[in-house]
Amino acid sequence: MVAGVFGQGCVAVISEAAQLKHDEAEAAGEDTYKDPDTGFEVFTASCLKRQVWCCGSGCRHCPW
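Start counting at 1 in the sequence shown, then tack on 167, and there's your number in the numbering used here.
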């Protein structure tokens with residue numbers, strides 16, 4: 168198990184298209200969305216919030 172780092176935060180700059188996909192996924196209650204710029208699956212802020220700590224991986228929507 169990888170220990171998280173509380174309060175580290177992971178700030179990322181994202182495109183408007185990616186933010187829109189995130190907002191749509193959040194509204195639909197989904198944990199991930201496909202990034203329109205990279206094709207990667209990205210965790211939503213709500214999904215990461217349930218984790219209760221920052222894993223330090225640089226998650227785009229990290230609430231910690």
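Don't be surprised by glycine CBs; every beta carbon is placed ideally from N, CA and C.
Could you spell out where the alpha helix (DSSP H) holding residue i opens and where it closes?
| i | result |
| --- | --- |
| E197 | Neither: E197 is in no alpha helix (DSSP H) and is coded neither H nor E. |
Check the DSSP bridge columns for residue i and list the partner residues they point to.
| i | result |
| --- | --- |
| E208 | K201 |
Quick check on this structure: which residue in the options has the alpha carbon closest to the alpha carbon of residue i?
| i | options | result |
| --- | --- | --- |
| A184 | D204, C222, G223, C226 | D204 |
| K216 | G206, K201, E193, D202 | E193 |
Which value, in whole angstroms, describes the spacing of the CA atoms of residue i and residue j?
| i | j | result |
| --- | --- | --- |
| G174 | R227 | For G174, the predicted structure reports a pLDDT of 48, less than 50, and the residue's modelled location is therefore unreliable. A value from the coordinates is still provided. Answer to the nearest angstrom: the Cα atoms are 15 Å apart. |
| C229 | Q218 | 10 Å |
| E191 | G225 | 21 Å |
| S213 | G196 | 8 Å |
| V180 | C221 | 18 Å |
| E208 | D198 | 10 Å |
| F210 | D202 | 10 Å |
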